[in-house]
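There are 2 protein chains.
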Amino acid sequence: MSLTLRDVAQAARVSISTASRALSGKGLANRKTEQRVKRIADELGYRPNTLARGLKTRSSRLVGLVLHNLMNASFGVVAEIVQKRLGEEGYQVILCVTGDDPEQESRTLVTLADHRIDGLIIVPTGKNGDQLARLDSSGLPIVCVVRRNEAVELEAVLAADPEGAHVGTSYLLDLGHRRIGLIVGREETTSGRERLSGYLRALRERGVGVEKDLVYSGAYHPETGVTASRKFLDMESPPTALFVANHEASLGVLRVLSERNVSIPDELSILCYEDLPWFRWHRPAISIIDNGAANIANLAVDRLMRRLGDESENSNHDERGEFRVGARLIIRESCRPISARKPDESARKAEIMDAG
Amino acid sequence: MSLTLRDVAQAARVSISTASRALSGKGLANRKTEQRVKRIADELGYRPNTLARGLKTRSSRLVGLVLHNLMNASFGVVAEIVQKRLGEEGYQVILCVTGDDPEQESRTLVTLADHRIDGLIIVPTGKNGDQLARLDSSGLPIVCVVRRNEAVELEAVLAADPEGAHVGTSYLLDLGHRRIGLIVGREETTSGRERLSGYLRALRERGVGVEKDLVYSGAYHPETGVTASRKFLDMESPPTALFVANHEASLGVLRVLSERNVSIPDELSILCYEDLPWFRWHRPAISIIDNGAANIANLAVDRLMRRLGDESENSNHDERGEFRVGARLIIRESCRPISARKPDESARKAEIMDAG
DNA sequence: CTGTTAGCGCATTCAT
DNA sequence: ATGAATGCGCTAACAG
Numbered sequence: 000m001s002l003t004l005r006d007v008a009q010a011a012r013v014s015i016s017t018a019s020r021a022l023s024g025k026g027l028a029n030r031k032t033e034q035r036v037k038r039i040a041d042e043l044g045y046r047p048n049t050l051a052r053g054l055k056t057r058s059s060r061l062v063g064l065v066l067h068n069l070m071n072a073s074f075g076v077v078a079e080i081v082q083k084r085l086g087e088e089g090y091q092v093i094l095c096v097t098g099d100d101p102e103q104e105s106r107t108l109v110t111l112a113d114h115r116i117d118g119l120i121i122v123p124t125g126k127n128g129d130q131l132a133r134l135d136s137s138g139l140p141i142v143c144v145v146r147r148n149e150a151v152e153l154e155a156v157l158a159a160d161p162e163g164a165h166v167g168t169s170y171l172l173d174l175g176h177r178r179i180g181l182i183v184g185r186e187e188t189t190s191g192r193e194r195l196s197g198y199l200r201a202l203r204e205r206g207v208g209v210e211k212d213l214v215y216s217g218a219y220h221p222e223t224g225v226t227a228s229r230k231f232l233d234m235e236s237p238p239t240a241l242f243v244a245n246h247e248a249s250l251g252v253l254r255v256l257s258e259r260n261v262s263i264p265d266e267l268s269i270l271c272y273e274d275l276p277w278f279r280w281h282r283p284a285i286s287i288i289d290n291g292a293a294n295i296a297n298l299a300v301d302r303l304m305r306r307l308g309d310e311s312e313n314s315n316h317d318e319r320g321e322f323r324v325g326a327r328l329i330i331r332e333s334c335r336p337i338s339a340r341k342p343d344e345s346a347r348k349a350e351i352m353d354a355g
Numbered sequence: 000m001s002l003t004l005r006d007v008a009q010a011a012r013v014s015i016s017t018a019s020r021a022l023s024g025k026g027l028a029n030r031k032t033e034q035r036v037k038r039i040a041d042e043l044g045y046r047p048n049t050l051a052r053g054l055k056t057r058s059s060r061l062v063g064l065v066l067h068n069l070m071n072a073s074f075g076v077v078a079e080i081v082q083k084r085l086g087e088e089g090y091q092v093i094l095c096v097t098g099d100d101p102e103q104e105s106r107t108l109v110t111l112a113d114h115r116i117d118g119l120i121i122v123p124t125g126k127n128g129d130q131l132a133r134l135d136s137s138g139l140p141i142v143c144v145v146r147r148n149e150a151v152e153l154e155a156v157l158a159a160d161p162e163g164a165h166v167g168t169s170y171l172l173d174l175g176h177r178r179i180g181l182i183v184g185r186e187e188t189t190s191g192r193e194r195l196s197g198y199l200r201a202l203r204e205r206g207v208g209v210e211k212d213l214v215y216s217g218a219y220h221p222e223t224g225v226t227a228s229r230k231f232l233d234m235e236s237p238p239t240a241l242f243v244a245n246h247e248a249s250l251g252v253l254r255v256l257s258e259r260n261v262s263i264p265d266e267l268s269i270l271c272y273e274d275l276p277w278f279r280w281h282r283p284a285i286s287i288i289d290n291g292a293a294n295i296a297n298l299a300v301d302r303l304m305r306r307l308g309d310e311s312e313n314s315n316h317d318e319r320g321e322f323r324v325g326a327r328l329i330i331r332e333s334c335r336p337i338s339a340r341k342p343d344e345s346a347r348k349a350e351i352m353d354a355g
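Residue numbers (numbering that gives the first Met the number 0), protein chains in the order written: chain A, 0 to 355; chain B, 0 to 355.
(1) Does Val96/A have its Cβ less than 8 Å from a Cβ in chain B?
(2) With a threshold of 8 Å between beta carbons, is Ala132/A in contact with chain B?
(3) Report the neighbours of Asn48/B on chain A: residues whose CB is nearer than 9 Å to its CB, in chain order.
(4) Which chain B residues are close to Met304/A, counting only those with a beta carbon under 9 Å from its beta carbon?
(5) Closer than 8 Å by C-beta to Leu2/A: which residues in its own chain qualify, once you throw out the five before and the five after it? Chain order, please.
(6) Suppose the cutoff is 7 Å on Cβ atoms and the five residues either side in sequence are ignored; what does the same chain contact list for Glu344/A look like?
(7) Checking contacts by CB at 8 Å: is Arg229/A closer than that to chain B?
(8) In the region 241-261 of chain A, which residues sit with their C-beta less than 7 Å from some C-beta in chain B, listed in chain order?
(9) Would you kindly report the start and end of the unbroken beta strand (DSSP E) that includes Arg323/B?
(10) Using a threshold of 8 Å, state whether the C-beta atoms of Ser286/B and Ile337/B are closer than that.
(11) Comparing the C-beta of Pro276/A with each C-beta of chain B, is any distance below 8 Å?
(12) Let's test the definition: count the other Cβ atoms within 10 Å of the Cβ of Thr228/B and tell me whether it reaches 16, buried, or not, exposed.
(13) Report buried or exposed for Glu193/B, applying the criterion of at least 16 other Cβ atoms within 10 angstroms of its Cβ.
(14) Could you tell me the boundaries of the alpha helix (DSSP H) in which Glu193/A lies?
(15) What runs of the alpha helix (DSSP H), each 4 residues or longer, lie entirely inside the region 92-165 of chain B?
(16) Cα-Cα, which of Val151/B, Trp280/B, Leu139/B is closest to Ser249/A?
(17) Taking Gly251/A and Glu222/A to be in contact with their CB atoms under 8 Å, please state how far apart those CB atoms are, rounded to whole angstroms.
(18) Taking Cβ to Cβ, would you say Asp135/A is nearer than 8 Å to Leu153/A?
(19) If we cut at 8 Å on Cβ distances, does Ser1/A have a partner in chain B?
(20) Output yes if chain A places a C-beta closer than 8 Å to the C-beta of Leu139/B; else output no.
(21) What are the complete alpha helix (DSSP H) segments, minimum 4 residues, inside the region 38-88 of chain A?
(22) Between which two residues does the beta strand (DSSP E) harbouring Asp274/B extend?
(23) Can you find the residues in the same chain that come closer than 6 Å, C-beta to C-beta, to Tyr90/A, ignoring five residues on each side of it along the sequence?
(24) Quick check on this structure: which residue in Thr188/B, His176/B, Val156/B has the alpha carbon closest to the alpha carbon of Ala150/B?
(25) What whole-angstrom Cβ distance do Val444/B and His67/B have, given they're in contact under 8 Å?
(26) Spell out whether any CB of chain A is found under 8 Å from the CB atom of Met234/B.
(27) Got a sec: is the Cβ-Cβ distance from Thr223/A to anything in chain B below 8 Å?
(28) Does the Cβ-Cβ distance between Ser105/A and Asn71/A come in under 8 Å?
(29) Which residues in chain B have a C-beta closer than 7 Å to the C-beta of Thr226/A? List them in chain order.
(30) Should Asp233/A go down as buried or exposed, given a rule of 16 or more other Cβ atoms within 10 Å for buried?
(31) Looking at the C-beta of Thr124/B, does it have a partner C-beta in chain A at a distance below 8 Å?
(32) Tell me, please, whether the CB atom of Glu312/B is closer than 8 Å to any CB atom in chain A?
(33) Using 8 Å for Cβ pairs, my map puts Arg185/B next to Ala218/B. What's the rounded Cβ distance?
(34) For Gly75/B, return the contacting residues in chain A, with the cut-off set at a CB-CB distance below 9 Å.
(35) Please tell me whether Met304/B and Glu88/B are closer than 8 Å, where the distance is taken between their beta carbons.
Printed below as a string of structure tokens:
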């Protein structure tokens, strides 16, 4: 059994509450007493019981982080950053993976609430709006990242997806492509819809007609990429460029292209969404729209901490902001002008264009 | 404020303790009472306070999972599996990333202990043995995965690293390679040393002399791969095959090979360790030694749950087993017989470009 | 500045 | 089978 405040108090010959005050470090006790109690507590190796403290103070120092998966590099980045930064503030992160499944998300939210989390950062599936609303109105600080739950007005830190998709599509159009296949996320998700809208807007701006068959919307899963790219490749007149704006699908797409020996970018230009370490070392290196996952994570933590800190329940935090983190195009080697026969030397150098 | 057991009891017109017993579901209350209390609790949306319960029962239903990072696919796999399986058993997982830093590991262990975790699954850095020992003797069930802390006798679920490295090296030897560069983890880690020993044993078995210069041991980080592969490539007579038995280093190695336009497997055979989805779609597809991360995770959870379940403190779990999960060679396209290799090394060297 | 007292919400022992 | 009482370890309001 680990020792308790009582043990420390006895050893220091003070009452249990004096010990508590001394250790709180807020100068509620005599200078000398405080020092002595602290020293003794240290010598004894005393550690306060978080459960007991939480029961009393109604705060667990636990923050929930709910993500779809860890394979998606953006989520991995978010997880590491959130954990690191909140850790520095004395919070522990409970990481939960939902697989983008609303039911799993629902169960997760219940358990997190059971554990009396002090805050929540979540990539919402889009469902369970009522549940999130209830948590929100119970006073739990919530920050949505990457996606938003449209049923509730929650603080959200999102990528600039409409712009990102627009910049990406425009880039491909600039290269002369007119038949651009788009693989995008489920339409029920905000990021899915926004990326689609960016694509459509870019096309419209250039007066390029939209072909329904060139848009494939599916789950955030590699399988989606497999199905979609096969469908595109099997078309009478296949697209000359593929915009894979569904990150999880990228793997499936690259797999199919590899299997069918489609040469990139000679036969097909590929533009992906959200960076992955190995995209840079892939041959050819994959050009991408970077959604700024690290920035999203950092901003989300900022917003959450702003609300974690203060005790005043009625504080003016009802300005539930929606923040956008700029996306940018990172040009590598997987796209080429439609007319060009040979690789353009300049295309080999990575260029970066801001899309903010 | 969420409602408490007291509210449920009042609504059901029973005492608070009867309500507690009814909800425990262990038949400690009258059948009808139990049903009624349960129904009312459900209608009211009652959820027990985990903190209060934990304070009383000395169990938090929290399990700590301590990993180096999330980029390493093996760790990602472990994290998802552990979280999923323990979640099904009613445990929440607190995931902590240490970056393989002993100090961070130490702080992490303290906070986890503060939160009164019920169990711990950890990839130890190798240090902090005394701290782990203290947690262990305090009764906390601990399972080490992937690596072992040699200072303490803890239950461990490891990869069959000696065999894995042996199989991999033998494979390269079978292909005719004699100068095989090895990039491996820090020598202070068990997995690092074991892989090295497997490599050495294979060489010895074939009567191939060991060249110190062909072994590079470094931190689990891409940078290690960069440094090591540059060193190898710059040698008078470079190795004909590279065994990258330090997973994090793989990325760095492939980056350098890509930058220097070293053709795989024509100029250099590459064998990596621990799978990555992308290895399969890389051109050429990377052959690997699969360490069976999923099996490790599942077995670790099995072992942990065996100890989580039972209340008897003095149970016979002192048989701290060490388990090995079989490794296997997955042959893809990145290795080839040495005879088939183009011996045109000098022309290649003229093109070397430093990428800083 | 310090000690005494009273809960936080729950599980559990002791009566009934 | 149920109710009353106790305490897990801690913080905070109340006295002194």
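Cβ atoms here follow ideal geometry from the backbone N, Cα and C, with glycine treated the same way.
Straight from the coordinates:
(1) Along the first sequence, one-based indexing puts residue 96/A at 97. Chain B, which has a Cβ nearer than 8 Å to the Cβ of Val96/A, makes this yes.
(2) Taking the first sequence and counting its residues from 1, the one referred to as residue 132/A is at position 133. No, its Cβ sits nowhere closer than 8 Å to a Cβ of chain B.
(3) For the purposes of this step, residue 48/B is taken as residue 49 along the second sequence, with counting starting at 1. Going along chain A in sequence order, the residues near Asn48/B (Cβ under 9 Å) are Leu54, Asp113, Arg115.
(4) Residue 304/A sits at position 305 when you count from the first residue of the first sequence. Those do not exist, as Met304/A stays about 17 Å from chain B at its closest Cβ, beyond 9 Å.
(5) Counting from one through the first sequence, the residue named residue 2/A turns up at place 3. Hits under 8 Å: Leu43, Gly44, Tyr45.
(6) Here residue 344/A refers to the residue found at position 345 of the first sequence. Residue placement at Glu344/A cannot be trusted, given a pLDDT of 42 that sits under 50; what the coordinates show is reported in the next sentence. Closer than 7 Å at the Cβ level, and outside the excluded window around Glu344/A, lies no residue.
(7) The count along the first sequence starts at 1 and reaches residue 229/A at position 230. So, not an interface residue.
(8) Leu250, Leu253, Arg254, Ser257
(9) Here residue 323/B refers to the residue found at position 324 when the second sequence is read from its first residue. That run of the beta strand (DSSP E) goes 321-324.
(10) Position 287 of the second sequence, counted from the first residue, corresponds to residue 286/B. Position 338 of the second sequence, counted from the first residue, corresponds to residue 337/B. The answer is no: Cβ separation not under 8 Å.
(11) For the purposes of this step, residue 276/A is identified with residue 277 of the first sequence, where counting begins at 1. Interface residue, yes.
(12) Mapped onto the second sequence, residue 228/B falls at position 229. It should be pointed out that residue 228/B corresponds to Ser in this sequence rather than to Thr. It counts as buried.
(13) The residue you call residue 193/B lines up with position 194 of the second sequence. That one is buried.
(14) The residue labelled residue 193/A in the question sits at position 194 within the first sequence. 189-204 is the span of the alpha helix (DSSP H), which, as asked, contains Glu193/A.
(15) 101-113, 128-136
(16) One-based indexing of the first sequence puts residue 249/A at position 250. The shortest Cα separation from Ser249/A among Val151/B, Trp280/B, Leu139/B belongs to Trp280/B.
(17) Residue mapping note: residue 251/A aligns to position 252 of the first sequence, counting from 1. Residue mapping note: residue 222/A aligns to position 223 of the first sequence, counting from 1. Contact holds; Cβ gap of about 6 Å.
(18) Against the first sequence, residue 135/A aligns to sequence position 136. Against the first sequence, residue 153/A aligns to sequence position 154. Result yes, Cβ atoms of Asp135/A and Leu153/A sit closer than 8 Å.
(19) The sequence position of residue 1/A within the first sequence is 2, counting from 1. Output row for Ser1/A: interface = yes.
(20) One-based indexing of the second sequence puts residue 139/B at position 140. So no, Leu139/B is outside the interface.
(21) 49-56, 72-87
(22) Walking along the second sequence from the start, residue 274/B turns up at place 275. Counting along the chain, Asp274/B falls outside any beta strand (DSSP E), and DSSP gives it neither H nor E.
(23) Working through the first sequence from its first residue, we reach residue 90/A at position 91. Within the same chain, Tyr90/A has close Cβ partners Arg60, Val62.
(24) Residue 150/B sits at position 151 when you count from the first residue of the second sequence. For Ala150/B, the nearest C-alpha among the options comes from Thr188/B.
(25) The question about residue 444/B has no answer, for chain B in this structure spans 0 to 355.
(26) Within the second sequence, residue 234/B is the residue found at index 235, counting from 1. No, Met234/B does not count as interfacial toward chain A.
(27) Numbered from 1 along the first sequence, position 224 holds the residue referred to as residue 223/A. No, no contact with chain B.
(28) Start at 1 with the first residue of the first sequence, and residue 105/A comes out as number 106. Start at 1 with the first residue of the first sequence, and residue 71/A comes out as number 72. Contact flag unset, no.
(29) The sequence position of residue 226/A within the first sequence is 227, counting from 1. Here the premise fails: no neighbours, minimum Cβ distance about 16 Å.
(30) Position 234 of the first sequence, counting from 1, holds the residue named residue 233/A. Asp233/A should be labelled exposed.
(31) In the second sequence, counting from the first residue as 1, residue 124/B sits at position 125. Thr124/B does not count as touching chain A.
(32) Looking up residue 312/B in the second sequence gives position 313. Residue placement at Glu312/B cannot be trusted, given a pLDDT of 49 that sits under 50; what the coordinates show is reported in the next sentence. Judged by the 8 Å Cβ criterion, Glu312/B is not in contact with chain A.
(33) In the second sequence, residue 185/B corresponds to position 186, counting from 1. In the second sequence, residue 218/B corresponds to position 219, counting from 1. Right, the Cβ-Cβ distance comes to about 6 Å (below 8 Å), so this counts as a contact.
(34) Locating residue 75/B in the second sequence gives position 76, counting from the first residue. Under the 9 Å cutoff, chain A gives Asn68, Leu69, Met70, Gly75.
(35) Here residue 304/B refers to the residue found at position 305 of the second sequence. Here residue 88/B refers to the residue found at position 89 of the second sequence. Their beta carbons are under 8 Å apart, which means Met304/B touches Glu88/B by this criterion.
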